[in-house]
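Trainee:
2 protein chains.
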Amino acid sequence: MAAVAAAMRWRVLRVLLVLSVAGLGAKGTPQPPNILLLLMDDMGWGDLGVYGEPSRETPNLDRMAAEGMLFPNFYSANPLCSPSRAALLTGRLPIRNGFYTTNGQARNAYTPQEIVGGIPDTELLLPKLLKQAGYVSKIVGKWHLGHRPQFHPLKHGFDEWFGSPNCHFGPYDNRARPNIPVYRDWEMVGRFYEEFPINTKTGEANLTQIYLQEALDFIKRQQAAQRPFFLYWAIDATHAPVYASKPFLGTSQRGRYGDAVREIDDSVGKILNLLTDLRIAENTFVFFTSDNGAALISAPKQGGSNGPFLCGKQTTFEGGMREPAIAWWPGHIPAGQVSHQLGSIMDLFTTSLSLAGLEPPSDRVTDGLDLLPAMLQGQLTDRPIFYYRGNTLMAVTLGQYKAHFWTWTNSWEEFSQGVDFCPGQNISGVTTHTQEEHTKLPLIFHLGRDPGERYPLSFASTEYLNVLHRITPVAQQHQEALVPGQPQLNVCNRAVMNWAPPGCEKLGKCLTPPESVPEKCSWPH
Amino acid sequence: MAAVAAAMRWRVLRVLLVLSVAGLGAKGTPQPPNILLLLMDDMGWGDLGVYGEPSRETPNLDRMAAEGMLFPNFYSANPLCSPSRAALLTGRLPIRNGFYTTNGQARNAYTPQEIVGGIPDTELLLPKLLKQAGYVSKIVGKWHLGHRPQFHPLKHGFDEWFGSPNCHFGPYDNRARPNIPVYRDWEMVGRFYEEFPINTKTGEANLTQIYLQEALDFIKRQQAAQRPFFLYWAIDATHAPVYASKPFLGTSQRGRYGDAVREIDDSVGKILNLLTDLRIAENTFVFFTSDNGAALISAPKQGGSNGPFLCGKQTTFEGGMREPAIAWWPGHIPAGQVSHQLGSIMDLFTTSLSLAGLEPPSDRVTDGLDLLPAMLQGQLTDRPIFYYRGNTLMAVTLGQYKAHFWTWTNSWEEFSQGVDFCPGQNISGVTTHTQEEHTKLPLIFHLGRDPGERYPLSFASTEYLNVLHRITPVAQQHQEALVPGQPQLNVCNRAVMNWAPPGCEKLGKCLTPPESVPEKCSWPH
Numbered sequence: 001m002a003a004v005a006a007a008m009r010w011r012v013l014r015v016l017l018v019l020s021v022a023g024l025g026a027k028g029t030p031q032p033p034n035i036l037l038l039l040m041d042d043m044g045w046g047d048l049g050v051y052g053e054p055s056r057e058t059p060n061l062d063r064m065a066a067e068g069m070l071f072p073n074f075y076s077a078n079p080l081c082s083p084s085r086a087a088l089l090t091g092r093l094p095i096r097n098g099f100y101t102t103n104g105q106a107r108n109a110y111t112p113q114e115i116v117g118g119i120p121d122t123e124l125l126l127p128k129l130l131k132q133a134g135y136v137s138k139i140v141g142k143w144h145l146g147h148r149p150q151f152h153p154l155k156h157g158f159d160e161w162f163g164s165p166n167c168h169f170g171p172y173d174n175r176a177r178p179n180i181p182v183y184r185d186w187e188m189v190g191r192f193y194e195e196f197p198i199n200t201k202t203g204e205a206n207l208t209q210i211y212l213q214e215a216l217d218f219i220k221r222q223q224a225a226q227r228p229f230f231l232y233w234a235i236d237a238t239h240a241p242v243y244a245s246k247p248f249l250g251t252s253q254r255g256r257y258g259d260a261v262r263e264i265d266d267s268v269g270k271i272l273n274l275l276t277d278l279r280i281a282e283n284t285f286v287f288f289t290s291d292n293g294a295a296l297i298s299a300p301k302q303g304g305s306n307g308p309f310l311c312g313k314q315t316t317f318e319g320g321m322r323e324p325a326i327a328w329w330p331g332h333i334p335a336g337q338v339s340h341q342l343g344s345i346m347d348l349f350t351t352s353l354s355l356a357g358l359e360p361p362s363d364r365v366t367d368g369l370d371l372l373p374a375m376l377q378g379q380l381t382d383r384p385i386f387y388y389r390g391n392t393l394m395a396v397t398l399g400q401y402k403a404h405f406w407t408w409t410n411s412w413e414e415f416s417q418g419v420d421f422c423p424g425q426n427i428s429g430v431t432t433h434t435q436e437e438h439t440k441l442p443l444i445f446h447l448g449r450d451p452g453e454r455y456p457l458s459f460a461s462t463e464y465l466n467v468l469h470r471i472t473p474v475a476q477q478h479q480e481a482l483v484p485g486q487p488q489l490n491v492c493n494r495a496v497m498n499w500a501p502p503g504c505e506k507l508g509k510c511l512t513p514p515e516s517v518p519e520k521c522s523w524p525h
Numbered sequence: 001m002a003a004v005a006a007a008m009r010w011r012v013l014r015v016l017l018v019l020s021v022a023g024l025g026a027k028g029t030p031q032p033p034n035i036l037l038l039l040m041d042d043m044g045w046g047d048l049g050v051y052g053e054p055s056r057e058t059p060n061l062d063r064m065a066a067e068g069m070l071f072p073n074f075y076s077a078n079p080l081c082s083p084s085r086a087a088l089l090t091g092r093l094p095i096r097n098g099f100y101t102t103n104g105q106a107r108n109a110y111t112p113q114e115i116v117g118g119i120p121d122t123e124l125l126l127p128k129l130l131k132q133a134g135y136v137s138k139i140v141g142k143w144h145l146g147h148r149p150q151f152h153p154l155k156h157g158f159d160e161w162f163g164s165p166n167c168h169f170g171p172y173d174n175r176a177r178p179n180i181p182v183y184r185d186w187e188m189v190g191r192f193y194e195e196f197p198i199n200t201k202t203g204e205a206n207l208t209q210i211y212l213q214e215a216l217d218f219i220k221r222q223q224a225a226q227r228p229f230f231l232y233w234a235i236d237a238t239h240a241p242v243y244a245s246k247p248f249l250g251t252s253q254r255g256r257y258g259d260a261v262r263e264i265d266d267s268v269g270k271i272l273n274l275l276t277d278l279r280i281a282e283n284t285f286v287f288f289t290s291d292n293g294a295a296l297i298s299a300p301k302q303g304g305s306n307g308p309f310l311c312g313k314q315t316t317f318e319g320g321m322r323e324p325a326i327a328w329w330p331g332h333i334p335a336g337q338v339s340h341q342l343g344s345i346m347d348l349f350t351t352s353l354s355l356a357g358l359e360p361p362s363d364r365v366t367d368g369l370d371l372l373p374a375m376l377q378g379q380l381t382d383r384p385i386f387y388y389r390g391n392t393l394m395a396v397t398l399g400q401y402k403a404h405f406w407t408w409t410n411s412w413e414e415f416s417q418g419v420d421f422c423p424g425q426n427i428s429g430v431t432t433h434t435q436e437e438h439t440k441l442p443l444i445f446h447l448g449r450d451p452g453e454r455y456p457l458s459f460a461s462t463e464y465l466n467v468l469h470r471i472t473p474v475a476q477q478h479q480e481a482l483v484p485g486q487p488q489l490n491v492c493n494r495a496v497m498n499w500a501p502p503g504c505e506k507l508g509k510c511l512t513p514p515e516s517v518p519e520k521c522s523w524p525h
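Chains as they are written, first to last, in full-length UniProt numbering: chain V, 1 to 525; chain W, 1 to 525.
Written out as structure tokens, the structure is:
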């Protein structure tokens with residue numbers, strides 16, 4: 001009851017707050033704050049100066065942290081791109097919103113060109129909900145929630161889109177596999193490696209500059225129209241093949257990956273400066289984070305850093321899911337603060353709704369937490385972090401303790417072929433190459449004393465038993481109450497690839513699909 | 001010639017600078033700045049919030065960095081305590097000043113109670129040199145340059161001492177081994193675990209508070225007397241057995257080690273605040289660093305973090321020798337800066353002399369560099385970092401490149417007994433358990449792209465060959481010109497332990513030494 005009363009008090013406070021901070025719209029009505037989510041691709045916790053990156057080449061992001069709030073304990077919803085992004089926009093775990101596979105146990109799945117599935121129509125995405133509060137929404141960059149027509153972002157609440165439906169892998173020959181299209185709104189305007197060149201040899205591409213201009217232009221237009229906006233800036237320069245534009249190439253101490261980070265940092269600086277110049281900084285909530293941990297498989301040339309954490313992308317160790325996270329909202333979020341709230345990318349859904357004065361949908365489970373009490377009053381709320389890999393609950397963090405119910409990096413077969421998600425790291429019984437079940441006696445780590453997950457607590461210790469008795473019920477209740485969504489990432493078909501996206505006719509860039517052969521997608525890890 | 005001219009210009013500039021910033025002494029003569037070196041014990045690069053420690057429990061040190069200059073590429077002179085400290089105070093590599101052993105190749109040696117040797121009389125220590133410029137010098141905390149009478153710090157230039165000659169290991173039974181004495185100036189005033197209790201079970205000890213008071217008191221006295229001072233605050237709470245005083249015990253998210261760090265952080269805040277309150281901050285140069293990397297062998301309960309770097313104390317990987325480093329001198333060193341100058345703990349010797357308007361001794365080689373151009377003008381000077389283990393040049397860093405001429409963590413025999421300097425880390429051909437020679441074809445890493453030393457450059461690459469041709473001559477010239485000092489850490493003798501230190505009679509605490517049996521010290525790694 002105390003919790004309910006506290007929640008009520010907060011709800012009232014929030015409404016007062018939103019009203020008090022609101023600007024005035026075109027018609028003199030209070031306007032909720034703009035929302036700007038800066039989502040990085042495969043950027044690791046350790047990639048920013050403020051998170052200890054030794055070369056310290058992110059002055060703008062470091063300044064953003066100095067003027068805002070840093071979350072050292074912030075998590076993605078999955079160690080892989082598509083599920084994490086689906087979770088961000090739905091506020092729900094991938095196991096609920098369908099962004100997982102049942103083709104194998106504990107498999108990472110995403111949305112390559114062969115994928116048949118995508119975001120189900122039954123899911124309510126953030127931009128759609130924000131429409132109720134008058135927001136105009138744009139996605140710049142990578143969508144990754146399905147590339148077939150029914151999954152198009154403008155069918156799910158976005159008003160504008162500039163970017164691509166899939167990763168910028170390539171170049172392809174347009175015979176076995178088409179190059180990935182780039183869309184403006186409903187129609188494609190070209191393809192990567194064609195109208196939008198990426199030189200995989202030199203790493204040169206001006207895509208971040210294009211995405212920057214799209215962001216700046218959108219912000220200026222909405223400010224002029226005095227409409228509240230939601231901008232989802234989902235850029236991908238730090239995902240292999242890593243790229244940067246010419247002025248940034250070769251400028252980093254960290255190689256090409258660092259060049260990409262420097263260009264992103266510069267762009268974030270320009271975006272924040274524009275908000276300040278337009279005098280809307282105090283009415284714009286900005287959050288910076290990443291979709292999953294650094295892809296150590298691509299390191300050191302095209303992969304980032306997970307700082308002191310274990311392993312990287314694809315794994316449910318901290319390196320796979322702990323993310324850089326900075327909130328910035330001058331005049332509201334106090335400057336230079338650090339919040340140890342356990343945060344999740346799904347919280348951005350709930351927090352954004354809260355900023356808009358909206359409630360999460362009442363007809364479904366939402367996993368995201370409203371972070372405004374943490375950001376504005378420094379409150380800390382106990383909540384678990386669930387680490388899924390595909391259909392499997394691998395681990396749970398509660399407070400400082402993390403319990404692994406399953407451990408796996410990847411198979412011996414893959415590992416022997418050089419696929420290594422934990423290069424240079426080897427912790428006996430933890431970084432296992434067979435799927436190891438620990439559901440009865442989980443491996444438990446204290447992440448404060450041992451952020452690198454190197455020293456499991458002794459099963460015989462009082463500390464272990466105390467934690468076990470607290471964390472097991474949390475996992476059990478979660479699993480018992482869970483109604484998994486229909487898995488969307490099971491079926492692949494080469495015929496559904498981006499052969500003839502809408503708009504291809506105008507450009508003369510339609511390709512002929514092969515015969516339709518649905519098959520089970522292969523998810524090796 | 002250009003270099004000489006530049007050096008001349010700088011020398012003139014420095015003198016002008018020192019005069020311009022100088023306060024006025026008691027007699028109205030210009031007074032050089034006070035020098036305060038805060039030397040931590042076994043603290044790692046990754047232990048401060050500003051260096052990315054996830055729990056972020058060092059607000060005072062983070063503020064020191066925000067008001068001063070951070071050096072992310074700063075190195076100790078050795079991966080072990082005594083040699084590193086000897087190097088700091090002499091400005092010379094341990095291989096020159098004698099703080100090494102020839103009992104075995106590439107062995108870490110230090111000054112336990114059995115050690116017969118210590119700092120040679122022929123070495124000129126910083127406090128002795130600073131006397132020429134009128135400085136009063138005090139060491140608070142761990143000396144570690146030999147505990148026999150001839151090595152006493154007051155015989156080597158210090159005017160005051162409060163602290164111990166060796167590590168605070170114990171408790172001992174005073175029969176097989178005496179407890180370590182604590183000195184005030186010339187005489188002991190008690191022993192650890194007796195008059196100066198350390199509870200190894202709870203971790204409680206109030207030593208950091210005592211050392212803090214010693215520092216505050218000394219600063220106040222010198223300020224009152226208007227005499228320039230050199231304070232060497234060499235505290236040891238983060239060296240196992242790790243301790244903290246009661247108000248700090250149990251307050252960290254990082255366990256006992258974090259409690260010690262929090263107390264140190266609090267103490268540094270109090271010291272800096274005193275300088276400000278006394279209005280001498282602008283006339284006091286403060287530098288914070290550590291003697292070697294975190295002792296991962298003591299982790300997670302009593303060892304710190306080396307952030308993203310490989311291995312820890314005892315090794316010549318980055319985790320063994322890259323250190324946190326912050327310079328603070330309000331009004332002189334610009335606030336919030338990061339310098340990528342390759343720095344060494346030996347630079348504190350040369351820089352301190354420079355601040356005092358003095359030159360390093362001209363009759364010997366000094367390895368330290370004057371960092372004032374880096375700190376005051378943002379200059380970067382090319383210089384190598386030499387990584388020694390005992391008598392062996394293991395590695396050299398030049399710019400971003402590090403070449404390993406030898407690799408070794410420790411022996412298979414030790415490793416199989418659980419001695420592990422690289423827990424959870426295993427890089428094939430790099431973290432070797434036999435001494436591997438690579439003097440012809442060193443393993444070369446690019447520390448910007450690969451700070452964790454995981455990906456040696458390919459021997460066949462152009463980059464490798466280019467670096468090899470630059471770095472090999474640097475190592476060769478260094479080795480050819482080197483005249484090793486007489487090794488001081490070869491001979492041990494239980495009779496020389498702290499049985500009857502000066503002052504023991506007054507306290508009734510003299511113990512009877514055993515028969516004198518000199519023997520070769522055993523240095524297993």
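No residue lacks a Cβ here, since even glycine has one placed at the ideal position from N, Cα and C. None of the values given here were measured: they were computed from a predicted structure.
1. Kindly provide the ranges of any alpha helix (DSSP H) runs that are 4 or more residues long and lie completely inside the region 249-323 of chain V, ordered along the chain.
2. Just checking: is the beta-carbon of residue 264(V) within a distance shorter than 8 Å of some beta-carbon in chain W?
3. Which residue marks the beginning of the alpha helix (DSSP H) containing residue 412(W), and which one marks its end?
4. Strictly under 8 Å for the Cβ-Cβ distance: is residue 426(V) near chain W by that measure?
5. Taking the C-alpha atoms as reference points, what is the distance between residue 210(W) and residue 466(W)?
6. Would the region 137-152 of chain W and the region 162-180 of chain W be scored as touching if the rule is three or more Cβ pairs under 8 Å?
7. How far does the alpha helix (DSSP H) with residue 434(V) in it reach, from first residue to last?
8. Please tell me whether, using a cut-off of 7 Å, the distance from the CB of residue 105(W) to the nearest non-hydrogen atom of the ligand ZN is below it.
9. Whole angstroms are fine: how far does the CA of residue 32(V) sit from the CA of residue 378(V)?
10. What separation, rounded to the nearest whole angstrom, lies between the Cα atoms of residue 279(V) and residue 369(V)?
11. Hey, does residue 6(V) have any beta-carbon neighbour from chain W nearer than 8 Å?
12. Just grab the DSSP bridge partners of residue 344(V) for me.
13. Taking the alpha carbon of residue 241(W) as the point to measure from, which residue in 193(W), 276(W), 405(W) and 224(W) has its own alpha carbon closest?
14. Do you know offhand how far residue 474(W)'s Cα is from residue 497(V)'s?
15. Verify the CB distance criterion: does residue 320(V) have a CB-CB separation below 8 Å to chain W?
16. So residue 188(W) is in the beta strand (DSSP E); what residue range does that whole segment cover?
17. Across which residues does DSSP place residue 528(V) in a beta bridge pair?
18. From the beta carbon of residue 467(V), is the nearest beta carbon of chain W less than 8 Å away?
19. I'd like to know whether the C-beta atoms of residue 40(V) and residue 289(V) end up nearer to each other than 8 Å.
20. Assign residue 162(V) to one of three DSSP states: helix, strand, or coil.
21. May I ask you to report which of helix, strand or coil DSSP gives residue 213(V)?
22. Using DSSP with H/G/I as helix, E/B as strand and the rest coil, what is residue 332(W)?
23. By alpha-carbon positions, which one of 406(V), 434(V), 430(V) and 494(V) ends up nearest to residue 416(V)?
24. Rounded C-beta distance between residue 375(V) and residue 339(V)? I'm assuming under 8 Å.
25. Any idea what DSSP makes of residue 51(W), helix, strand or coil?
26. What residues from chain V crowd round residue 452(W), counting only those whose CB sits closer than 7 Å?
Mentor: The answer reads as follows:
1. 255-277 and 318-321
2. no
3. 412-416
4. yes
5. 53 Å
6. yes
7. Run containing residue 434(V): none; DSSP gives neither H nor E here.
8. Absence of the ligand ZN from the depicted structure is noted, as is the absence of any ligand whatsoever, leaving it without description.
9. 22 Å
10. 29 Å
11. The predicted position of residue 6(V) is uncertain, since its pLDDT is 47 and thus under 50; no value can be drawn from it.
12. 75(V)
13. 193(W)
14. 56 Å
15. no
16. 187-191
17. No answer is possible for residue 528(V): it lies beyond the span of chain V, which begins at 1 and ends at 525.
18. no
19. yes
20. strand
21. helix
22. coil
23. 434(V)
24. 7 Å
25. helix
26. 424
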